[in-house]
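*Asks:*
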Amino acid sequence: MSEIESFGRQLGDFAHGLLAGRDGEGGVTNELRNEETLRALYQKFNDNDLDAASALLTEDYEGIDVPSGEVVRGREGWKQRQAANRIPMPDALTTIQSLVVKGDFAVAEVVNEGTHTAPFPLPGGGEHAPTGNRIRGLSCELYEFRDGKISKGTLYYDFLTVANQLGLTF
Numbered sequence: 001m002s003e004i005e006s007f008g009r010q011l012g013d014f015a016h017g018l019l020a021g022r023d024g025e026g027g028v029t030n031e032l033r034n035e036e037t038l039r040a041l042y043q044k045f046n047d048n049d050l051d052a053a054s055a056l057l058t059e060d061y062e063g064i065d066v067p068s069g070e071v072v073r074g075r076e077g078w079k080q081r082q083a084a085n086r087i088p089m090p091d092a093l094t095t096i097q098s099l100v101v102k103g104d105f106a107v108a109e110v111v112n113e114g115t116h117t118a119p120f121p122l123p124g125g126g127e128h129a130p131t132g133n134r135i136r137g138l139s140c141e142l143y144e145f146r147d148g149k150i151s152k153g154t155l156y157y158d159f160l161t162v163a164n165q166l167g168l169t170f
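The numbers in UniProt numbering rise by one with no breaks, and the one at position 158 of the sequence shown is 158.
(1) R75: buried (16+ other C-beta within 10 angstroms of its C-beta) or exposed?
(2) Report the CB separation of E113 from L99 in whole angstroms; it is logged as a contact under 8 Å.
(3) With which residues is H116 paired in a DSSP beta bridge?
(4) Pick helix, strand or coil for residue 171, following the three-state DSSP scheme.
(5) Do the CB positions of D51 and S151 come within less than 8 Å of each other?
(6) If you reduce the DSSP assignment to three classes, tell me which class F159 lands in.
(7) What separation, rounded to the nearest whole angstrom, lies between the Cα atoms of A163 and A55?
(8) Exposed or buried, A129, counting other C-beta atoms within 10 Å across all chains shown (16 or more means buried)?
(9) Just mark Q97 as buried or exposed, buried being the case when its beta carbon has 16 or more other beta carbons within 10 Å.
(10) When you compare only the Cα positions, how much space is there between N34 and T117?
(11) List in chain order: all unbroken beta strand (DSSP E) runs of 3+ residues lying wholly within the segment 84-158.
(12) Please work out which residues of its chain come closer than 6 Å, Cβ to Cβ, to I64, disregarding the five sequence neighbours upstream and downstream, and give them in chain order.
Right, here's the structure in full:
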């Protein structure tokens, strides 16, 4: 085999590895690593293992809840917010509908659902009594990664649909 043919084969193997989510050295690419981290975050949330989930975040994580305007900081802030999210719907689950990862950025479209069995906190204060209703809402979530951990999350979701399922009127 000539040097050109050998180089061509190595280049082809490298390109094939990239398409398969591997770098030229047989290791996982940043994109695949970031995808695995995000999928693990959702799974750990679904398992209600918030300690393991928060370990997937950087120490200086920033989470922005666009509809409410709430910003959480750090692993502990994220953990407290997610624990609060689970109170009105302890069986809460998040299912990925679509996920795109490019470099150190990801966009996930997810379905959040659960059964409303405890008081639901309302924006601006107050609570809505449990309805027993199954709640299902869509969310678009943008993530940034640093060194394989999630450093920032920005969440957009359809609160009006959730409010209607809760029986709230506006």
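The beta carbon of each residue, even a glycine, is placed where N, CA and C say it ideally should be.
*Replies:* Taking the geometry as given:
(1) Residue mapping note: residue 75 aligns to position 75 of the sequence shown, counting from 1. It counts as buried.
(2) Reading the sequence shown from its first residue, position 113 is the one you call residue 113. Reading the sequence shown from its first residue, position 99 is the one you call residue 99. 18 Å between Cβ atoms; not a contact.
(3) Against the sequence shown, residue 116 aligns to sequence position 116. None, per the DSSP bridge assignment.
(4) Lying outside 1 to 170, the shown extent of the chain, residue 171 is not represented and no answer is given.
(5) Here residue 51 is taken as the residue at index 51 of the sequence shown, counted from 1. Here residue 151 is taken as the residue at index 151 of the sequence shown, counted from 1. Not in contact: D51 and S151 (Cβ atoms no closer than 8 Å).
(6) Residue 159 sits at position 159 when you count from the first residue of the sequence shown. In the structure shown, F159 sits in a helix (DSSP, three-state: H, G or I).
(7) As a first step, residue 163 is located in the sequence shown; it is residue number 163 there, counting from the start. As a first step, residue 55 is located in the sequence shown; it is residue number 55 there, counting from the start. Going by the C-alpha atoms only, they are around 32 Å apart.
(8) Within the sequence shown, residue 129 is the residue found at index 129, counting from 1. Classification of A129: exposed, given that the 10 Å Cβ count is below 16.
(9) Reading the sequence shown from its first residue, position 97 is the one you call residue 97. Exposed, by the Cβ-count rule.
(10) In the sequence shown, the residue the question calls residue 34 occupies position 34. In the sequence shown, the residue the question calls residue 117 occupies position 117. Going from the Cα of N34 to the Cα of T117 covers about 34 Å.
(11) 93-102, 105-115, 134-146 and 149-157
(12) Along the sequence shown, one-based indexing puts residue 64 at 64. Same-chain partners within the cutoff: V71 and T154.
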